[in-house]
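Numbering (full-length UniProt numbering), first residue to last: 1 to 203. Every residue, glycine too, gets a C-beta built ideally from N, C-alpha and C.
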């Protein structure tokens, strides 16, 4: 009941009718898996540096429709941040304007459900750009792969302690880990995890 109320209120707050498509019915059996790289872990003060995403239709990752953008930040990236995501200031010299990046991302995802690993953080980062501009939070349904993994695993683990680290889940599912850590590679690995979890009874 409350979810329906907040969804309706969110839709009413939309400032630009050009983006009403975000609230339309999603294409059947399609989702978008996405990931971001950011300057830090605070949605209130940090910025998105890159976005990687892929569409899934049924059990197929649509690599021909992958999405990858690098965004020019408002200030230089500090050394501590670079060590985590390996994105240097020089790598973003040709990055695009944040607003243009979010516009492209919204048209890419449409109204499809969004899938991710610790997706809540990526959604919060996106909403720091979307909310001031459009007056809404992203309305797309959200699917957390660590939640799917937990629900598959919990009934077979007596003590209920489940390791939800990304590499641990990938190895447990027998999926390959790509060497390069970036938003697109992470999105692709998460997409493989999502498909595997959809199609097995137990982990």
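Going by C-alpha to C-alpha distance, which of the options sits closest to residue i?
i           : options           : result
residue 112 : 49, 10, 23        : 23
residue 181 : 71, 47, 51        : 51
residue 119 : 70, 155, 194, 153 : 194
residue 99  : 110, 72, 36       : 72
residue 104 : 69, 135, 199, 35  : 69
residue 135 : 109, 14, 121, 4   : 14
residue 109 : 175, 124, 97, 141 : 141
residue 115 : 3, 164, 188       : 188
What are the residues that DSSP puts in a beta bridge with residue i?
i           : result
residue 57  : 30, 60
residue 50  : 37, 70
residue 115 : 33, 143
Can you grab the Cα-Cα spacing for the pair residue i / residue j, in whole Å?
i           : j           : result
residue 127 : residue 133 : 9 angstroms
residue 157 : residue 74  : 46 angstroms
residue 16  : residue 162 : 43 angstroms
residue 10  : residue 40  : 27 angstroms
residue 95  : residue 170 : 31 angstroms
residue 43  : residue 173 : 31 angstroms
residue 129 : residue 117 : 20 angstroms
residue 151 : residue 160 : 11 angstroms
residue 58  : residue 46  : 35 angstroms
residue 122 : residue 101 : 15 angstroms
residue 124 : residue 148 : 20 angstroms
residue 204 : residue 66  : The requested residue 204 does not occur in the structure, where the chain is confined to residues 1 to 203.
So residue i packs on residue j, CB below 8 angstroms; how close in whole Å?
i           : j           : result
residue 92  : residue 49  : 7 angstroms
residue 215 : residue 183 : Residue coverage of the chain in this structure runs from 1 to 203, which leaves residue 215 outside it and unanswerable.
residue 53  : residue 33  : 6 angstroms
Beta strand (DSSP E) segments (min. 3 residues) lying fully within the stretch 121–203: 142–144
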